[in-house]
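Below you'll find the structure, written out as structure tokens, and then a few comments.
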Amino acid sequence: MDTETKARSTLRRINTKRVTKAVKKLFIEANTVLGEDVVGALRHALSREESETGKQVLQKIIENADIACRKKMPICQDTGLAVVFVELGQDVHIVGGELHAAIEEGVRQAYNEGYLRKSVCDPFTRKNTTDNLPAIIHVDIVAGSRLKIIAMPKGGGSENCSAAKMLTPSAGIDGIKKFVLETVSSAGANPCPPIIVGVGIGGSLEQACVMAKKALLRPVGEQNRVDERVEQIEKELLESINNLGIGPAGLGGRVTALAVNIEMMPCHIASLPVAVNIQCHVARHKETIL
Amino acid sequence: MPMHSPEFLAGQESGMMKEKKMNKVRSIKTPLTEEVITSLNAGDMVLLSGEVYTARDVAHRRLYESLLKGEKLPVDLSQTVLFYAAPSPTPPKKVIGSIGPTTSYRMDFFTPKLIESGLRAMIGKGNRSPEVVEAIKKHKAIYFGAIGGIAALMSQSVKKVELIAYDDLGPEAIRKLTVINFPLVVINDFQGNDLYFSEQRKWRI
Chain A
1 MDTETKARST LRRINTKRVT KAVKKLFIEA NTVLGEDVVG ALRHALSREE
51 SETGKQVLQK IIENADIACR KKMPICQDTG LAVVFVELGQ DVHIVGGELH
101 AAIEEGVRQA YNEGYLRKSV CDPFTRKNTT DNLPAIIHVD IVAGSRLKII
151 AMPKGGGSEN CSAAKMLTPS AGIDGIKKFV LETVSSAGAN PCPPIIVGVG
201 IGGSLEQACV MAKKALLRPV GEQNRVDERV EQIEKELLES INNLGIGPAG
251 LGGRVTALAV NIEMMPCHIA SLPVAVNIQC HVARHKETIL
Chain B
1001 MPMHSPEFLA GQESGMMKEK KMNKVRSIKT PLTEEVITSL NAGDMVLLSG
1051 EVYTARDVAH RRLYESLLKG EKLPVDLSQT VLFYAAPSPT PPKKVIGSIG
1101 PTTSYRMDFF TPKLIESGLR AMIGKGNRSP EVVEAIKKHK AIYFGAIGGI
1151 AALMSQSVKK VELIAYDDLG PEAIRKLTVI NFPLVVINDF QGNDLYFSEQ
1201 RKWRI
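Shown next, in the form of structure tokens:
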């Protein structure tokens, strides 16, 4: 056997048709069925919210998730930009077409056939692309022979409140906390609180942003288990954010955020990149492994 | 309740009173007359019935540019409640898809001109600019907040949908919605009071 034949025999083939089908299903599901972790966090929030108005808002949010699930309707009219995270095993051979095109076809079908709002437009003319494309696709090559796809419809309102900043190393942990708190505080009622705050610390400018977004994929209520220092900052920031008093729907209350999720990696000796990605209470993501 | 009344002032001091005031729900109907608008205070919960018109980013730019050019608008602003929203597509046999408010500040650049030209009532979510609040005060207008992200629930209040203008904008087109008991709260009343500011300050630690 020559090397090429041997390599081919150890590769696992996945047809692009399966990819398209999976992506379509994930986006429809993500937009209509709120994750159990989020619903659980909302119920917990309801039990500790002291503001009467805040309680009413949380009750309506929970009721809405129930209606959307039962009637197979979008939880929110903003069914988002189609963000897709792909973990592609290096022993996978994609056959039948191109991976990127297969994912986008799945998005197109989900948004058309699932009656999801097409919310993508040309930045200058603001003309709608009419199929919610392009999707935002991040691919990581990983070990193994599996293909993991995570669909994350991301609403524009909370995305608009997000920010990244290149802090100086002297700013330190206090500088990071200050930036996160300022970002959430100035967002106020705009991003549909209670929010989830994804934070990326370190790396480069774009890596901090990607980490902040990936941090939003972590189940709500789960702390960073890699680094105790980070776990501590998550706890402190959650408390400070909830002390802002913004409350559910911005109408005042104890619960402004359901979670603060931080991802961290080393950075350049000159830098301290920090990105804050805000997620509304309709925190949607579904995943599958092919 | 007028701002200077003893009941209101008592409410300012007592948390209990404030909660009660917040939870009192009043039913109102469109068109919203000056009499109705000036009877509402920041914090009042209302159930709105009647007709509201969806318009968001691009529709606002078009309305604004038409006003600058002196063109006739597709809606009579003085009779209109603008709802900053774009629904998800309507599935077969349904009245509408999911619908809820989008963030209002993006309309702030256009809003003072629209208010000067007759607009008196808006529905959205989030803070308005000082310029918008000033225009609200000057022209006795009102800004209602709707809860964001409860669009499946809110869609149940929509009984009829009619395309009015800018259909090339797809979801962003202006649509007339006939609504029953649309749940709203007064954020900025005609006197310029701001519910987000007053409520958030109350809970800040």
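Chains as they are written, first to last, in the numbering used here: chain A, 1 to 290; chain B, 1001 to 1205. Note that beta-carbon positions come from the ideal geometry of N, C-alpha and C, so glycine has one too.
Inter-residue distance for A/P123 and A/A171 is about 34 Å (C-alpha atoms, whole angstroms). In the three-state scheme derived from DSSP, where H, G and I count as helix and E and B as strand, B/R1026 is classed as strand. For A/N132, no chain B residue has a Cβ inside 8 Å of its Cβ, as the nearest lies near 11 Å away. The Cβ atoms of B/V1081 and B/Y1053 lie closer than 8 Å to each other.
Taking a C-beta distance under 8 Å as the contact criterion, A/L147 and A/L88 qualify as a contact pair. In the DSSP assignment, the residues bridged to A/N277 are A/G198. In the same chain as A/D37, and ignoring 5 residues on each side of it, the C-beta atoms closer than 6 Å to its own belong to P219, V220, in chain order.
Using a 10 angstroms sphere on the CB of A/V276, the tally of other CB atoms reaches 16 or more, which defines it as buried. For secondary structure counted as the beta strand (DSSP E) over 3 or more consecutive residues, the region 89 to 152 of chain A holds these complete runs in sequence order: 92 to 95, 136 to 142. Straight across, the Cα-Cα distance linking A/G54 with B/V1185 is about 13 Å. The Cβ neighbour count for A/R48, taken over all protein chains shown within 10 Å, is under 16; the residue is labelled exposed.
For A/E236, the enclosing alpha helix (DSSP H) covers residues 228 to 242. Any Cβ of chain A closer than 8 Å to the Cβ of B/K1125 would place that residue at the interface, and such an atom is present. Interface flag for B/E1199 against chain A is set, since a Cβ pair is found closer than 8 Å. Among the residues of chain B, those whose CB is under 9 Å from the CB of A/M73 are S1088, P1091, K1094, G1097, S1098, A1151, A1152, S1155, following chain order.
Bridge pairing for B/V1186: B/F1144 [DSSP]. Pairwise C-beta distances place the region 1169 to 1184 of chain B in contact with the region 1044 to 1059 of chain B, as three or more of them are shorter than 8 Å.
Interface residue (Cβ-Cβ distance to chain A less than 8 Å): B/G1148 is classified as such. Taking the beta carbon of A/S51 as reference, the chain B residues within 7 Å of it are W1203, listed in sequence order. Residue-level contact check: A/T79 touches chain B, since one or more beta carbons of chain B fall below 8 Å from its beta carbon.
Listed in chain order, the non-local C-beta contacts of A/S145 below 7 Å within the same chain comprise R12, G89, D91, V92, local neighbours out to five positions each way being set aside.
Contact with chain A is absent for B/D1194, since none of that chain's Cβ atoms lies less than 8 Å from the residue's Cβ.
Under the Cβ criterion of 8 Å, A/V180 is not counted among the residues facing chain B.
By alpha-carbon distance to A/I62, the top candidate from A/R43, A/I14, A/D78, A/G80 is A/R43. Leaving aside the five residues that flank A/N261 on each side, the residues in its chain whose CB is nearer than 6 Å to its CB run, in chain order, G198, A215, R218.
In the DSSP assignment, A/A257 falls outside any alpha helix (DSSP H) and lies within the beta strand (DSSP E) extending over 257 to 267.
Flagged as an interface residue toward chain A: B/G1170, by a C-beta distance shorter than 8 Å.
For A/H281, the nearest CB of chain B lies under 8 Å from its own CB, placing it at the interface with that chain.
Listed along chain B is no residue with a C-beta nearer than 8 Å to that of A/A30; the closest approach is about 14 Å. Between B/K1202 and A/G252, the CB-CB gap stays under 8 Å. Here the region 63 to 71 of chain A does not lie against the region 93 to 110 of chain A, with fewer than 3 beta-carbon pairs under 8 Å apart.
Scanning the region 153 to 202 of chain A from its first residue to its last, the whole alpha helix (DSSP H) runs of 4-plus residues come out as 156 to 160, 172 to 187. For A/L244, the closest alpha carbon among the candidates A/E206, A/A187, A/V274 is that of A/A187.
Cβ-Cβ separation between B/D1108 and B/E1131: approximately 7 Å, consistent with a contact (criterion under 8 Å). Identification of chain A residues near B/V1052 by a Cβ-Cβ cut-off of 9 Å yields none; the smallest Cβ-Cβ distance measures about 14 Å.
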